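Protein chains in written order, with our numbering: chain F, 1 to 328; chain B, 1 to 273.
All residues carry an ideal CB built from backbone N, CA and C; glycine is no exception.
Given the structure is predicted, the values throughout are model-derived calculations rather than measurements.
Below is one structure, written out as structure tokens; the observations come after it.
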Amino acid sequence: MNPRLSAPVMSEEQGNSMTAPVSAEPHTRPRPEEFDVARARPRLRPARWIISVILLVLAAQFVNFVVTNERFAWDIVWGYLFYPTVLQGLAMSVFITIVGMTVGSLLGIALAAGHASDFWPVRIVCQAYVGVFRGIPPLVQLIFWFNLAYLLPEISVGIPFGPTFGSWSSTALISPLTAALIGLSLHEAAYMSEIIRSGLGAVDAGQRDAARAMGFTQWRTFSRIILPQAMRVIVPPTGNQFISLLKGTSLVSVIAMTDLLFSVQLIYNRTYQVVPLLLVACIWYLVVVSLLTFVQRRLERRYGKGQRRDEGATTSWRTTFLRGRASR
Amino acid sequence: MTDRTTPVVRVTNLRKTYHGTTALDGVDLEVAEGEVVVILGPSGSGKSTLVRCIDQLEKIDGGAMYLDGELLGFAQRHGALRPLTDEQVAQQRRRMGMVFQQFNLFPHWTVLRNITEAAVAVHGFSREDARVRAETLLEKVGLPDKAQAHPRQLSGGQQQRVAIARAVATRPRVLLFDEPTSALDPELVDEVLGVIKDLARAGLTMIVVTHEMEFARQVADRCVFMVAGKVVEQNTTEEFFERPQSERLQRFLSRFTQSLTASRERELVKESQ
């Protein structure tokens with residue numbers, strides 16, 4: 001049938017008269033010495049078939065529930081999905097996430113660098129920062145920043161204990177937006193600092209030695225050699241942080257910031273269509289998170305370059321149910 | 001500023017401790033232009049620490065090191081000897097090349113970029129000039145077709161040969177080898193030693209820390225024997241192996257000479273047949 005497969009058998013027997021072509025009698029059981037696993041049939045996996053049936057039934061039930069239950073009011077969901085207020089809220093959530101992540105990452109790099117400093121005062125301050133801002137729930141921090149005016153009625157710029165150059169009222173400066181941005185950025189920086197620190201720690205010390213031996217300065221060593229390699233370790237948890245920050249923006253609704261959640265709340269407080277409007281918010285959160293996940297995967301692949309030799313293996317439906325032939 | 005009498009590398013009374021244990025205990029060493037010095041000694045004797053100190057990868061506690069007569073790592077400033085800035089230390093390192101036990105190629109770059117980066121980014125060569133030189137070097141180390149490969153696609157011996165090409169790409173005054181073959185499978189050692197021999201023949205100044213005695217015997221102009229952070233004995237290669245003075249070195253060499261005579265006898269038997 002397949003000359004390539006039967007060839008090794010032939011050569012082993014070295015032209016012995018016993019080796020009749022296998023394809024001539026496909027239904028006779030082959031002699032033990034004629035076995036060739038290349039012709040093996042897939043393994044049977046009954047448990048997988050049973051689990052599949054159960055999952056299929058559950059899925060059908062769920063779809064039935066979602067479609068036939070009129071309280072979901074899909075027409076209302078659809079009607080509000082692209083409603084201007086909702087889209088503005090979505091834009092605000094995405095904006096806060098991007099700013100929070102950018103400021104948080106930059107500050108996080110600085111904190112991680114400070115953590116590794118051989119100058120102990122800097123090290124202590126960085127450790128203290130992470131301890132405080134990681135330890136207090138973000139919701140509490142948001143409310144705290146929003147009420148900063150109570151603690152600090154005026155914010156001034158000047159020489160410490162000396163003359164001031166300018167001064168602003170805290171109530172004017174700290175709007176819900178600034179409170180949200182400050183609160184989430186500072187909180188995020190503490191987490192990013194830890195993530196970046198673990199990434200830097202994962203790079204082999206020999207890399208630093210080699211870079212310095214080539215005459216690279218500390219900064220060039222960090223930016224060209226250490227950080228690019230640390231990215232492989234940094235990217236996956238950073239993707240998680242991005243996603244959890246996006247969802248975390250829903251916290252800012254407590255300080256009357258018009259994010260996605262607050263926008264749909266404004267509508268359902270008026271129309272009492274709570275569930276359909278929450279679904280609108282859910283859909284948008286899922287859409288953005290899916291996009292972020294996609295970008296994260298791309299970045300992971302990019303920074304994984306040079307780290308592994310194999311291609312990312314995927315499982316086809318066939319190998320899920322039937323153990324395929326030994327892949328080469 | 002450098003004449004023929006100024007050694008390329010001079011180390012005087014170098015001292016270094018690691019967390020209370022003494023790694024270097026007053027080491028003196030001079031390496032002249034074009035000289036190949038091999039440092040031998042039992043493990044833990046401070047050989048690797050010595051070359052790492054010369055490349056300023058380790059902080060030293062005392063003594064001094066000079067490259068072409070210039071003090072390394074420190075300078076007289078405001079009436080006192082003070083450490084150099086990061087940039088100044090980097091400048092000094094640019095005049096040396098180092099090859100590590102673990103190769104330490106940059107895995108996120110191609111072989112070509114590993115070799116050219118320092119020449120381009122630090123020494124100001126054009127990308128084209130650096131590429132041409134890298135290709136010549138890759139040919140010399142026997143890897144002309146690997147320019148676009150990534151380090152992890154290469155064998156250990158190939159990686160180390162790339163690392164050597166990287167170290168010589170910037171035309172260093174001295175090349176430092178820190179046990180270049182210790183991490184290699186036995187059958188890959190010779191291809192790396194071959195490349196180092198070629199460089200020695202080309203007249204490069206080198207300090208080589210190694211356990212390869214036969215290699216030391218063939219390539220070194222001078223051998224240095226270290227024990228417990230001290231130079232116990234140093235001599236021209238022939239004297240070093242033929243007439244070791246100290247009892248410690250005699251014992252160290254005896255194991256090696258035994259295996260050597262055994263292999264020579266085997267060769268003689270083979271020839272007579």
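Measuring only the C-alpha atoms, how far is residue i from residue j?
i	j	result
alanine 183 of chain B	histidine 211 of chain B	11 angstroms
leucine 232 of chain F	glutamate 300 of chain F	With the sequence shown as reference, residue 232 of chain F is identified as arginine, and leucine is not the correct amino acid for it. Cα to Cα, arginine 232 of chain F sits roughly 7 angstroms from glutamate 300 of chain F.
tryptophan 145 of chain F	glycine 62 of chain B	53 angstroms
threonine 12 of chain B	phenylalanine 74 of chain B	14 angstroms
alanine 202 of chain B	glycine 131 of chain F	58 angstroms
isoleucine 136 of chain F	tryptophan 168 of chain F	27 angstroms
valine 274 of chain F	isoleucine 54 of chain F	33 angstroms
alanine 213 of chain F	leucine 193 of chain B	21 angstroms
asparagine 69 of chain F	valine 235 of chain F	41 angstroms
glycine 100 of chain F	isoleucine 159 of chain F	29 angstroms
glycine 215 of chain F	leucine 84 of chain B	14 angstroms
serine 155 of chain B	threonine 205 of chain B	27 angstroms
glutamine 159 of chain B	valine 99 of chain B	11 angstroms
valine 269 of chain B	leucine 137 of chain B	40 angstroms
proline 84 of chain F	leucine 261 of chain F	14 angstroms
phenylalanine 72 of chain F	proline 276 of chain F	6 angstroms
phenylalanine 95 of chain F	valine 103 of chain F	12 angstroms
valine 22 of chain F	arginine 43 of chain F	Low local confidence applies: a pLDDT of 49 at valine 22 of chain F is under 50, so the model's placement there is unreliable, and no value is given.
tryptophan 78 of chain F	valine 280 of chain F	8 angstroms
glutamine 88 of chain B	glutamate 179 of chain B	27 angstroms
glutamine 127 of chain F	proline 237 of chain F	20 angstroms
leucine 245 of chain F	threonine 97 of chain F	6 angstroms
valine 63 of chain F	tryptophan 74 of chain F	13 angstroms
glutamate 12 of chain F	glutamate 34 of chain F	Because glutamate 12 of chain F sits at a pLDDT of 44, beneath the cut-off of 50, its placement in the model cannot be relied upon, and the point is left open.
aspartate 310 of chain F	histidine 150 of chain B	Confidence at aspartate 310 of chain F is low in this model, with a pLDDT of 42, below 50, so the placement of that residue is unreliable and no value is reported for it.
arginine 224 of chain F	tryptophan 109 of chain B	10 angstroms
arginine 127 of chain B	alanine 118 of chain B	11 angstroms
cysteine 53 of chain B	arginine 131 of chain B	31 angstroms
For residue i, which of the options has the nearest alpha-carbon?
i	options	result
valine 195 of chain B	B:Val224, B:Glu139, B:Ile54	B:Glu139
tyrosine 66 of chain B	B:Glu35, B:Val99, B:Val122, B:Pro7	B:Pro7
glutamate 30 of chain B	B:Leu50, B:His78, B:Leu84	B:Leu50
alanine 256 of chain F	F:Leu142, F:Arg134, F:Asn69	F:Leu142
aspartate 204 of chain F	F:Phe222, F:Met192, F:Val264, F:Ile50	F:Phe222
tyrosine 129 of chain F	F:Leu292, F:Ser93, F:Gly239, F:Ala189	F:Ala189
glutamate 194 of chain F	F:Gly108, F:Arg224, F:Ser175, F:Val235	F:Gly108
glycine 89 of chain F	F:Ser263, F:Asn147, F:Ala110	F:Ser263
aspartate 190 of chain B	B:Ile207, B:Ala130, B:Pro172, B:Met213	B:Met213
glycine 97 of chain B	B:Ala32, B:Leu176, B:Ala90, B:Asp129	B:Leu176
glutamine 218 of chain F	F:Ala172, F:Leu184, F:Ser105, F:Ser117	F:Ser117
glycine 26 of chain B	B:Met226, B:Gln258, B:Arg243	B:Met226
glutamate 135 of chain B	B:His150, B:Gln250, B:Ile115, B:Tyr18	B:Ile115
Looking at the structure shown, is residue i part of a helix, part of a strand, or coil, going by DSSP?
i	result
valine 227 of chain B	strand
tryptophan 120 of chain F	helix
glutamine 316 of chain B	The question about residue 316 of chain B has no answer here: the residues shown for chain B are numbered 1 through 273.
glutamate 179 of chain B	coil
proline 388 of chain F	Given a span of 1 to 328 for chain F in the structure shown, any question on residue 388 of chain F remains unanswerable.
methionine 257 of chain F	coil
isoleucine 98 of chain F	helix
isoleucine 174 of chain F	coil
proline 83 of chain B	strand
phenylalanine 35 of chain F	coil
asparagine 13 of chain B	strand
valine 22 of chain F	Caution is warranted here: a pLDDT of 49 is assigned to valine 22 of chain F, below 50, making its placement in the model unreliable, and the coordinate value is therefore given only provisionally. Valine 22 of chain F: helix per DSSP, three-state reduction.
glycine 278 of chain B	With chain B covering only 1 through 273, there is no way to say anything about residue 278 of chain B.
alanine 149 of chain B	coil
leucine 268 of chain B	helix
What does residue i touch in chain B if you count any residue whose Cβ is under 8 angstroms from its own?
i	result
aspartate 118 of chain F	Within 8 angstroms Cβ-Cβ: nothing; aspartate 118 of chain F doesn't reach chain B, min ~10 angstroms.
Residues of chain B with CB closer than 7 angstroms to the CB of residue i, please, in chain order.
i	result
aspartate 259 of chain F	Result: empty, since nearest Cβ-Cβ is about 38 angstroms, beyond 7 angstroms.
alanine 202 of chain F	By Cβ distance, chain B contributes nothing, its closest Cβ being about 13 angstroms from alanine 202 of chain F, past 7 angstroms.
proline 237 of chain F	None at all; the shortest Cβ gap to chain B is about 19 angstroms.
glutamine 110 of chain F	Per the sequence shown, the amino acid found at residue 110 of chain F is alanine instead of glutamine. Correct list: empty, because the minimum Cβ distance to chain B is about 18 angstroms.
By the criterion of Cβ-Cβ separation under 8 angstroms, what are the contact partners of residue i in chain F?
i	result
glutamate 87 of chain B	Thr217
alanine 118 of chain B	Met214, Gly215, Phe216
Name the chain F residues whose beta carbon is nearer than 7 angstroms to that of residue i?
i	result
valine 195 of chain B	Near valine 195 of chain B there are no residues of chain F at all, since even the closest Cβ is about 18 angstroms away, more than 7 angstroms.
valine 208 of chain B	Within chain F, no residue comes near valine 208 of chain B; the closest Cβ sits about 15 angstroms away, beyond 7 angstroms.
arginine 10 of chain B	Those do not exist, as arginine 10 of chain B stays about 20 angstroms from chain F at its closest Cβ, beyond 7 angstroms.
Which residues of chain F have a Cβ atom closer than 9 angstroms to the Cβ of residue i, listed in chain order?
i	result
phenylalanine 125 of chain B	Per Cβ cutoff of 9 angstroms: no residues; phenylalanine 125 of chain B is ~13 angstroms from chain F at best.
arginine 93 of chain B	Arg212, Ala213, Met214, Gly215, Phe216
Contact residues within the stretch 35 to 68 of chain B, judged by C-beta distance below 9 angstroms to chain F: Arg52, Asp55, Gln56, Leu57
Give me the subset of the stretch 96 to 116 of chain B whose CB atoms are less than 7 angstroms from a CB atom of chain F, sorted by chain position. Met98, Phe100, Gln102, Asn104, Phe106, Pro107, His108
Just by C-beta distance, which residues in the stretch 226 to 253 of chain F are closer than 8 angstroms to chain B? Pro228, Gln229
Residues within the stretch 182 to 210 of chain F neighbouring chain B, beta-carbon criterion of under 8 angstroms: Taken in chain order, the members of the stretch 182 to 210 of chain F whose beta-carbon sits within less than 8 angstroms of a beta-carbon on chain B are Asp204, Gly206, Gln207, Asp209, Ala210.
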